[in-house]
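Enquirer: Plus 45 on top of the position in the sequence shown (first one is 1) and you've got my numbering.
Cβ coordinates follow ideal geometry from the N, Cα and C atoms, glycine included.
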Amino acid sequence: MLARLGLVIHWIGFFMGAFFSVGGVFDTSDSGEMYVRMGVFVFLLCYVIRVTLSGDKVLFPWMKPKKK
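1) Determine the contact status of residue 89 and residue 50, defining contact as a CB-CB distance below 7 Å.
2) Could you tell me the distance, in whole angstroms, from the CA atom of residue 60 to the CA atom of residue 87?
3) Which residue's Cα is closest to the Cα of residue 82: 109, 66, 53?
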């Protein structure tokens, strides 16, 4: 259940990050940088939440999980 919730949070974060990043790229005003920053922030925040909720996974992909 928590892994599934983490997966949902992960994909929501991915799509929000992609949405704000694409919106920032195609924005013609000077506020485009704000959208990119906000998208990256939301993506990273949701990634950390997903890792936290999904259990014994590590925060960084190159690290090995600890065995209990």
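Expert: So, from the data block:
1) no
2) 10 Å
3) 66
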